Amino acid sequence: MSAPESSSLLRGFPFPFTDERFRYSTNVEPAGVPVHTAAGRWGAAVVDIDGEYHRELQERARILAQDPTRHAVPTHMRTAAWDATLTLLRELAASYPADMLLTRTGINRWRWENRRLGVEADFVYGDDATLPGGPLHWVANQVQEDIVLLDARAGQLWVDAGVVTFASAWSFGFDLGMSFLEIHGPVPRIHSEGVITRAQEFIRRLQPHQPYRRTNWGVNVGRRLDVSLERYPDWAPDRARMRRADDGSFGRLLHLRVEVQHLVRLPDSGAVMFLIRTYLLSFEQLATVEPWRRRTADVLAHLPDDIAEYKGVANLRDRAVAWLRAADAPPAGPAPH
Amino acid sequence: MSLGVDLELVVAAVDEPVPGVRSIRLAAPDGRELPGFVPGSHLLLDCGGRVNAYSLTSDGFCPREYAVSVLLVENGFGGSRWIHERLAPDDRVAARLPRSAFPPVARARRHLLVAGGIGVTPIVSHLRAARRRGHDVRVLYTYRAGRGAHADDVVELSDGRAELFTDRRAFSTRVEEALADQPLGTHLYVCGPAALTERVVGTAAALGWPASRIHTERFGTVALDPGDSFDVVLTRTGGTLTVPSGTSLLAALEDAGLDVASRCRQGVCGECRIPVTAGRPLHRDLFLSEEERSTGAWVMPCVSRADGSGLEVPL
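First to last, the sequence lines map onto chains A and B.
Each residue of the first sequence is one higher than the one before, starting from 0 at the first, in numbering that gives the first Met the number 0.
Each residue of the second sequence is one higher than the one before, starting from 0 at the first, in numbering that gives the first Met the number 0.
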């Protein structure tokens with residue numbers, strides 16, 4: 000990775016630790032409000048495009064071609080899929096007006112132009128044949144976000160559609176059709192503490208045009224976005240190998256993985272669109288921002304064991320803390336390239 | 000009370016399609032597209048200082064206009080009177096973004112819509128969406144002869160298959176038949192006067208309809224009954240308040256100088272929710288879930304009261 004690319008990653012990185020201790024909470028806040036960090040800012044737009052745009056979309060296209068279970072739109076979610084598509088295109092056009100243009104050309108007709116990708120499309124809202132692969136599959140190749148659509152019925156939310164190629168230790172195909180509460184079954188503490196039922200009640204009451212967001216985090220080995228359960232045999236051994244890594248490669252390989260999740264009540268279907276945008280920053284880069292280095296070390300050091308286990312940091316945590324605490328000067332040796 | 004203003008709208012047209020009902024079309028002052036809304040949504044309008052919620056009857060997909068139809072309520076709080084007597088084309092009106100609280104269920108195999116009187120308004124919105132989406136929909140609509148607001152819309156949007164009634168007994172008989180003869184997976188939506196809604200829901204329940212397939216929308220047509228007087232113990236400030244019949248708990252708290260954030264004051268928006276530490280609330284709002292009601296830990300003081308002698312709140 001070149002120096003300009005790495006500094007753009009730093010500038011837009013949604014550093015998640017606002018406190019010295021991390022605990023699960025219903026940490027939602029209104030979307031669209033920029034957050035200033037020690038290295039830059041993030042959060043001005045619901046849909047975020049950065050220097051990884053082309054690379055990540057190529058990665059998504061490759062995954063979708065290999066594994067069709069990463070995409071699902073059952074019949075009852077077709078309206079929601081179109082609603083999500085139009086909403087995402089509107090967000091892109093509003094946030095990146097120089098490169099993204101959405102023009103209404105008839106009652107149900109639109110023209111889309113994405114100059115960054117060189118894509119032009121004319122489509123009819125509700126007519127699946129007008130966008131190759133169907134609307135949700137198609138729009139997932141315009142945004143870096145993973146997209147999950149939740150249906151609301153019988154007082155609960157249900158994961159009933161989506162395109163998810165960058166899942167962090169879960170499986171979209173496995174979770175499809177489950178309720179919000181079922182999906183969060185494995186997460187420690189959030190049930191007894193009422194966090195998850197409060198979250199569900201909050202989402203059920205979301206109204207259109209008032210999106211919210213939250214962040215979630217974990218650690219990752221390498222710049223690998225697809226750490227889905229489907230690919231577990233590919234990525235799990237990387238974690239074991241970290242034990243043998245020397246300090247230089249430990250800092251280069253270990254990444255803080257942050258998801259910015261947006262919650263949007265769609266204005267036509269009434270479904271909830273859950274967007275997951277994943278950011279990766281190596282510990283080596285993270286340590287160059289002094290407040291981030293100190294804060295991350297503190298948070299990891301004080302993380303309760305059950306949460307550390309769930310987040311997959313339990314085995315790496317002591318070394319990660321020691322590494323961060325030792326990295327209080329800019330890393331010696333050659334600049335990252 | 001404060002109406003957080005999201006939208007400033009201008010009255011594009013005012014019409015009285017049937018006696019006692021005003022249909023208002025609202026647009027953005029510059030004519031731009033308005034925020035879309037889910038079928039069955041309502042709009043909170045500032046009616047000369049009072050905030051009233053009205054169901055949107057227009058199509059919510061990329062709309063240029065919002066339409067509402069307002070029944071004149073002679074003995075109401077004055078919101079409908081203001082719309083009937085004061086509101087004129089080109090007037091500016093403050094509104095909040097449309098809110099969805101009565102949406103069609105995506106997985107329904109069929110949508111059975113039952114409307115009474117001015118309760119037809121959200122049903123019209125459902126019909127528009129059903130037509131656009133190609134959903135299987137049946138509609139029964141009862142009204143007083145000569146007062147059938149949107150009757151022609153209902154007929155047109157259902158391709159003439161709507162069943163219209165001006166005779167109450169014929170309507171009741173037909174509702175019972177219809178409820179007994181729907182495919183599994185049908186969802187029922189009822190909007191009308193409280194007595195009609197209760198009767199239809201009661202019939203459906205007796206016929207074995209699960210609660211999760213019955214949806215009702217009541218506000219806008221019902222003036223809540225004044226309720227009994229009750230006492231409220233204030234644990235933080237100390238003292239006891241008496242809430243007389245006809246006064247809301249919210250108004251009583253405000254009169255006592257307590258600051259409770261509120262918005263719609265109709266049990267819809269959720270803004271004024273307060274915790275309850277003792278006593279059982281008589282829930283009359285449309286905001287709290289069944290689960291939240293059953294815990295008795297919260298109350299919406301704008302409409303709800305005490306079920307029994309009193310409540311204790313940490314205010």
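All residues carry an ideal CB built from backbone N, CA and C; glycine is no exception.
Remember, it's a predicted structure, so these values are computed and weren't measured experimentally.
List the endpoints of the continuous beta strand (DSSP E) containing ALA151(A).
145-152
Worksheet entry | Beta-carbon spacing of ASP58(B), ARG127(B) below 7 Å | yes
Query raised in the report: Which one of ARG106(B), LEU248(B) and GLU32(B) has the shortest CA to CA distance from ASP135(B)?
Result: ARG106(B)
Within 7 Å, strictly: CB atoms of ARG256(A) and LEU228(A): no
request  = Show which residues of chain B have a CB atom less than 7 Å away from the CB atom of GLY269(A).
outcome  = VAL37, SER99 and PRO102
Is VAL67(B) near ILE117(B), with beta carbons less than 7 Å apart? no
Original post:
If you measure from the CB of ALA198(A), is any heavy atom of the ligand NAP nearer than 6 Å?
Top reply: This structure lacks the ligand NAP, and indeed carries no ligand of any kind.
**Residues that PHE229(B) contacts on chain A, provided the C-beta gap is smaller than 7 Å** = Per Cβ cutoff of 7 Å: no residues; PHE229(B) is ~27 Å from chain A at best.
- Query: From PRO15(A), ASN26(A) and ARG20(A), pick the residue whose C-alpha is nearest to that of TYR211(A); which is it?
  - Reply: ASN26(A)
| task | Determine the contact status of TYR309(A) and PRO187(A), defining contact as a CB-CB distance below 7 Å. | result | yes
Worksheet item: Along chain B, in chain order, which residues have C-beta atoms closer than 8 Å to that of GLU200(A)?
Response: SER288 and GLU291
Is there contact here, the stretch 221-236 of chain A with the stretch 288-303 of chain A, by at least three beta-carbon pairs under 8 Å?
-> no
Just the C-alpha distance for GLY184(B) and LEU206(B), rounded to the nearest angstrom, thanks. 14 Å
If MET76(A) sits next to ALA160(A), beta carbons under 8 Å apart, how far is it from one beta carbon to the other, in whole angstroms? 4 Å
For a cutoff of 7 Å on Cβ pairs, would you count HIS30(A) as touching chain B?
The displayed chain sequence assigns Ala, not His, to residue 30(A). By this cut-off, ALA30(A) is not an interface position.
Using beta carbons (cut-off 7 Å, strictly below), is HIS261(A) in contact with chain B? no
Within its chain, find whatever has a CB closer than 7 Å to the CB of ASP384(A); leave out the 5 residues flanking it on each side and keep chain order. In the structure as shown, chain A begins at 0 and stops at 336. Residue 384(A) is therefore absent and cannot be evaluated.
From the DSSP output, read off the bridge partner residues of GLY309(B). ASP230(B)
Taking the C-alpha atoms as reference points, what is the distance between ALA222(B) and SER244(B)? In this prediction, ALA222(B) scores a pLDDT of 47, lower than 50, which makes its location untrustworthy; no coordinate-derived value is stated.
| For a contact meaning CB atoms closer than 7 Å, what does PRO274(B) contact in chain A? | By Cβ distance, chain A contributes nothing, its closest Cβ being about 14 Å from PRO274(B), past 7 Å.
Own chain, CB closer than 8 Å to CYS301(B), minus 5 neighbours either side, in chain order:
SER247, LEU248, LEU249, SER261, CYS263, ARG264, GLN265, GLY266, CYS271 and ASP284
| task | Tell me whether ALA169(B) is buried or exposed, calling it buried when 16 or more other Cβ atoms sit within 10 Å of its Cβ. | result | exposed
- Name the chain B residues whose beta carbon is nearer than 8 Å to that of ALA153(A)? SER211
Measuring alpha carbon to alpha carbon, tell me which of SER7(A), LEU9(A) and PRO13(A) ends up nearest TRP338(A).
-> Nothing about residue 338(A) can be read from this structure; chain A reaches only from 0 to 336.
Does the stretch 89-106 of chain B come close enough to the stretch 141-148 of chain A to have 3 or more Cβ pairs within less than 8 Å? no
Let me see if you follow: with CB-CB separation under 7 Å, is LEU96(B) close to chain A or not? yes
What does the Cβ neighbour count give for THR164(A), buried or exposed, with the cut at 16 atoms within 10 Å? buried
May I have the straight-line CA-CA distance separating ASP230(B) from LEU240(B), to the nearest angstrom? 6 Å
(Q) My assumption, with CB atoms under 8 Å, is that VAL218(A) sits in contact with VAL312(A). Please give the rounded CB distance. (A) 5 Å
query: Residues bridged to HIS186(B) by DSSP?
result: HIS110(B)
Exercise. Can you name the start and end residues of the beta strand (DSSP E) that TRP111(A) belongs to?
Worked result: 108-113
Query raised in the report: So, are the CB atoms of ASP82(A) and ASP267(A) less than 7 Å apart?
Result: yes
For a contact meaning CB atoms closer than 7 Å, what does PHE60(B) contact in chain A? ASP267
Next item on the list: Could you spell out the range, first to last residue, of the beta strand (DSSP E) harbouring ALA286(A)?
Entry: First-last for ALA286(A): undefined, no H or E at that position.
### Message
On the DSSP bridge list, what partners appear for ILE213(B)?
### Response
LEU187(B)
Check your understanding: With a cut-off of 8 Å, do at least 3 Cβ pairs link the stretch 106-116 of chain A to the stretch 59-77 of chain A?
Key -> no
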